[in-house]
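Engineer:
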Amino acid sequence: EKDNVPKDEL
Amino acid sequence: MNIFRLAGDMTHLASVLVLLLKIHTIKSCAGISLKTQELYAIVFATRYLDIFTDFISLYNTIMKLIFLGSSFSIVWYIRQHKIVRRSYDKDQDTFRYVFIVLPCIFLALIINEKFTFKEVMWTFSLYLEAVAILPQLVLLQRTRNIDNLTGQYVFLLGAYRALYILNWIYRYFTEPHYIHWIPWIAGIVQTLLYGDFFYYYFHSWKNNKKLQLPA
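Chains S and C, in that order, are what the protein sequence lines are. In this text, residue positions in the first sequence follow my numbering: the first is 50, and each later residue adds one. In this text, residue positions in the second sequence follow my numbering: the first is 11, and each later residue adds one.
#1: Count the C-beta pairs between the region 143-157 of chain C and the region 32-51 of chain C that are closer than 8 Å, then say yes if the count reaches three, no if not.
#2: From this set, C:D206, C:A169 and C:I179, which residue's C-alpha is nearest A24 of chain C's C-alpha?
#3: Which two residues bound the contiguous alpha helix (DSSP H) that contains S38 of chain C?
#4: Say whether chain S places a C-beta atom closer than 7 Å to the C-beta of I66 of chain C.
#5: Closer than 8 Å by beta-carbon distance: list the chain S residues that pair up with F77 of chain C, in chain order.
#6: Where does N53 of chain S land, buried or exposed, given buried means 16+ other C-beta within 10 angstroms?
#7: Pick out the complete alpha helix (DSSP H) segments inside the region 123-159 of chain C, 4 residues or longer, and give them in chain order.
#8: Let me check understanding here. Comparing Cα to Cα, which of C:A140, C:W215, C:D101 and C:L75 lies closest to A118 of chain C?
#9: Distance cutoff 7 Å, beta carbons only. Does M20 of chain C sit that close to anything in chain S?
#10: Decide if F212 of chain C is buried, meaning its Cβ has at least 16 other Cβ atoms within 10 Å, or exposed.
#11: Taking a contact to mean a Cβ-Cβ separation below 7 Å, would you say V164 of chain C touches F207 of chain C in this structure?
#12: Just the C-alpha distance for N12 of chain C and N177 of chain C, rounded to the nearest angstrom, thanks.
#13: If I192 of chain C and T126 of chain C are in contact, beta carbons under 8 Å, what's the gap, nearest whole angstrom?
#14: Quick one: residues in its chain with C-beta nearer than 7 Å to the C-beta of Y137 of chain C, no 5 flanking neighbours on either side, listed in chain order?
#15: Rounded C-beta distance between L159 of chain C and K32 of chain C? I'm assuming under 8 Å.
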């Protein structure tokens, strides 16, 4: 589940 | 993307671009800590390792490229530019890199979400960003004054931090499974460091005098 959270913040 | 996140990104972007443009225009980096700028360049270089492997959005990719380009440009100006580098006061910018970098490497190796190269580097960049401002704050304390350049720069960075925390609170309540302890705690530590600066910044502004940080 964690893997599916994209690191979309800068 | 929520309004806090966008405003946070824009103030972050403004802080870096304002600094770069001012150094370029006035041909001086007086009051700016090269060490802090180099640490930020390392922060972006280690955090954005995914730039060519994971596509998130055009916005995301462009912002990453701007942050990388501008942070390395600032370091180049202070180190290499034939006029700008003369205004860099090396003797005052004395903070030791090892005191910052080594604890961050150590922490990233033991406290991370996943023990892979990319993940450890990403975590390291978060810890490093939290404390990268320290050489700049020490420099401010030593020179005991703050001009418009450093004042605006640190002010914009502080605004970015505060807005990111609002962004996390917003996302926590609106997005399922949005829990990221490591960036949150690192981000709060970073914001507290700025808060300390802001206290003195506000105090000096209220009393209409030059900033005097405690020894």
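Built from N, CA and C at the ideal position, the CB exists for glycine as well.
Structural biologist: For this structure:
#1: yes
#2: C:A169
#3: Careful: S38 of chain C lies outside any alpha helix (DSSP H) and carries neither H nor E.
#4: yes
#5: L59
#6: Low local confidence applies: a pLDDT of 49 at N53 of chain S is under 50, so the model's placement there is unreliable, and no value is given.
#7: 127-141 and 144-153
#8: C:A140
#9: no
#10: exposed
#11: yes
#12: 7 Å
#13: Actually they do not touch by this definition, with Cβ atoms about 14 Å apart.
#14: C114, L117, A118 and A196
#15: 5 Å
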